[in-house]
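Numbering (this note's numbering), first residue to last: 265 to 827.
Shown next as structure tokens:
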């Protein structure tokens with residue numbers, strides 16, 4: 265067989281050039297599949313492929329001409345060229361459609377579009393001045409690129425319908441793993457949450473959306489944005505904690521947080537105002553989504569005729585949260601007075617005992633009046649404290665009765681927090697007088713711990729609820745700065761008030777859009793590797809594999825040059 269001059273004088277063998285072209289093509293394809301943007305490495309691979317092919321054609325002009333003139337190229341090459349043109353046309357069409365914002369939802373239930381009912385809900389949220397801004401956060405990385413495109417169209421429709429009240433953001437979970445951990449999500453997760461006035465997310469309203477589907481997403485928007493009408497009335501009596509008091513022993517910061525962050529109506533109310541026939545508390549029972557009477561301490565007992573204003577409210581399914589305090593002058597305080605204690609024990613199985621709990625192993629800064637409590641019960645209000653090793657800082661706490669073994673009929677009792685086994689309780693001390701330290705030492709006859717210092721009681725018949733705390737210090741402004749150290753005074757007080765008023769369950773009773781997704785429209789669930797494989801097979805290997813198969817068939821059937 266004779267060789268051509270080009271083959272005899274080839275500087276680089278043809279096989280090397282073809283191999284280099286193949287390697288360059290593989291590098292470019294790999295960059296396109298794995299990188300967010302087509303980088304310099306990808307362009308380098310394309311350049312190597314093009315230069316190698318040009319060099320091969322230059323060294324083998326006769327073979328190149330024979331290939332172009334052969335029957336195999338005429339048929340197989342034409343088929344490969346048509347396939348390539350079709351793929352390029354589809355890519356260009358996709359780019360045009362995406363830029364123009366054209367779309368057609370082919371799912372049976374309109375999963376990725378915004379039907380009229382959902383559009384009206386979003387418009388209502390946007391027009392309501394009492395509704396806070398809401399943000400959608402989607403943790404989509406490079407492996408969810410196609411899903412992100414569909415989500416963008418749906419999110420844009422919601423933003424437009426809400427007049428900008430709803431916004432959204434995409435966060436790459438691979439580049440921001442700490443944010444993903446803070447949300448408690450996984451790659452592909454979607455969260456909806458209301459925003460505070462300063463633009464920070466309101467974690468209490470955060471809703472997780474399981475699937476990218478319009479009705480599920482709009483329902484989450486409803487839940488996150490609906491604050492409801494909740495009203496709390498703080499009883500203003502002698503020695504009670506003042507809700508407008510900005511001093512260290514006031515509750516102004518706690519109350520302002522309820523008003524501004526959670527949009528609650530919070531007012532002070534007196535016993536004389538409660539005696540009116542149409543008082544604010546009775547109106548709240550008729551009009552509001554939730555109502556609550558808070559007794560923030562009080563140094564003197566309530567007379568029997570006035571106490572009936574509170575007991576009648578409870579007997580009618582009322583909600584009361586009591587923060588017990590001490591009478592520093594000696595004798596009974598409001599919370600542990602005989603009349604209120606007898607009623608609470610008979611109807612709800614709880615009461616304040618009117619003693620002083622001392623816990624030497626958990627005293628703070630050597631003060632016998634300050635107790636750090638870190639033992640919590642089994643209830644949703646305190647469930648997170650155990651894992652985080654949080655605590656309560658109680659000032660002059662008294663022990664509480666929680667009659668779990670023999671509660672009143674139809675009453676469920678749940679202790680929330682208790683002191684250590686080394687604690688003990690003393691009676692008869694007058695805290696307002698200076699006394700020697702020995703007077704606070706454990707003596708014979710003193711009751712031993714552990715003691716319950718926070719308890720919930722719920723009557724199932726009428727859903728009346730009572731929460732009782734051993735100290736009013738959970739409301740103090742001075743302990744708010746200790747939250748960063750794990751002191752959860754105000755946090756627990758707020759959570760218990762949410763439980764008592766039903767605020768924590770309010771979102772579950774909101775009207776929801778019916779989810780009508782057909783079975784065939786449910787999304788495919790899989791890990792990152794499975795989703796990546798599905799994407800590569802459907803988007804890359806099938807179309808380009810058919811193209812490569814056409815090229816191979818053409819190569820095998822090409823006409824051999826006569827030598």
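Idealized CB from N, CA, C, for every residue including glycine.
Residue i to residue j, Cα distance in whole Å?
i: residue 380; j: residue 525; result: 32 Å
i: residue 723; j: residue 390; result: 39 Å
i: residue 425; j: residue 472; result: 21 Å
i: residue 594; j: residue 747; result: 32 Å
i: residue 284; j: residue 325; result: 19 Å
i: residue 704; j: residue 632; result: 8 Å
i: residue 625; j: residue 568; result: 40 Å
i: residue 315; j: residue 322; result: 10 Å
i: residue 584; j: residue 442; result: 40 Å
i: residue 305; j: residue 808; result: 21 Å
i: residue 415; j: residue 454; result: 10 Å
i: residue 282; j: residue 292; result: 15 Å
i: residue 295; j: residue 353; result: 22 Å
i: residue 547; j: residue 578; result: 15 Å
i: residue 467; j: residue 752; result: 16 Å
i: residue 692; j: residue 623; result: 17 Å
i: residue 745; j: residue 469; result: 23 Å
i: residue 659; j: residue 504; result: 14 Å
i: residue 522; j: residue 698; result: 38 Å
i: residue 806; j: residue 798; result: 11 Å
i: residue 802; j: residue 396; result: 42 Å
Cutting at 6 Å between CB atoms, please list the residues of its own chain near residue i, excluding the five before and the five after it.
i: residue 398; result: 430, 458, 485, 488, 489
i: residue 668; result: 677
i: residue 663; result: 617, 619, 621, 689, 715
i: residue 589; result: 561, 597, 736
i: residue 771; result: For residue 771, the predicted structure reports a pLDDT of 49, less than 50, and the residue's modelled location is therefore unreliable. A value from the coordinates is still provided. Answer for residue 771: 487, listed in chain order.
i: residue 501; result: 562
i: residue 638; result: 655
i: residue 647; result: none
i: residue 628; result: 634, 636
i: residue 661; result: 621, 635, 717, 734, 735
How would you label residue i, buried or exposed, when you count the other beta carbons within 10 angstroms and need 16 or more for buried?
i: residue 393; result: exposed
i: residue 645; result: buried
i: residue 422; result: buried
i: residue 461; result: exposed
i: residue 764; result: buried
i: residue 318; result: exposed
i: residue 382; result: buried
i: residue 812; result: exposed
i: residue 682; result: buried
i: residue 479; result: buried
i: residue 400; result: buried
Could you pull out every residue in the same chain whose Cβ sits closer than 7 Å to the Cβ of residue i, ignoring the five residues on either side in sequence?
i: residue 570; result: 535
i: residue 507; result: 498, 515, 516, 519, 530, 532
i: residue 727; result: 581
i: residue 665; result: 609, 614, 615, 617
i: residue 706; result: 688
If contacts are defined as beta-carbon pairs under 8 Å, then residue i and residue j qualify, I think. What distance do you get, rounded to the angstrom?
i: residue 587; j: residue 559; result: 7 Å
i: residue 680; j: residue 718; result: 4 Å
i: residue 643; j: residue 732; result: Incorrect: roughly 14 Å between the Cβ atoms, too far for contact.
i: residue 761; j: residue 496; result: 7 Å
i: residue 741; j: residue 463; result: So it is not a contact: roughly 25 Å between Cβ atoms.
i: residue 387; j: residue 482; result: About 11 Å; that fails the 8 Å criterion.
Enumerate in chain order the residues of its own chain whose CB-to-CB distance from residue i is below 8 Å, with the five nearest sequence positions on each side excluded.
i: residue 451; result: 403, 404, 405, 407, 408, 437, 438, 444, 792
i: residue 592; result: 563, 694, 695, 696
Are the region 752-762 and the region 606-614 in contact at 8 Å, needing three or more beta carbon pairs? no
The region 552-559 contacting the region 490-501, beta-carbon criterion three pairs below 8 Å: yes
Mind the definition here: the region 554-574 touches the region 524-544 only if three or more C-beta pairs lie below 8 Å; say whether that holds. yes
Hey, is the region 281-294 in contact with the region 307-316, meaning 3+ C-beta pairs nearer than 8 Å? yes
Inspect the CB distances between the region 599-606 and the region 674-692 and report whether three or more fall short of 8 Å. Because the criterion of three Cβ pairs below 8 Å is not met, the region 599-606 and the region 674-692 do not touch.
Three-pair Cβ contact test at 8 Å for the region 683-698 versus the region 712-720: yes
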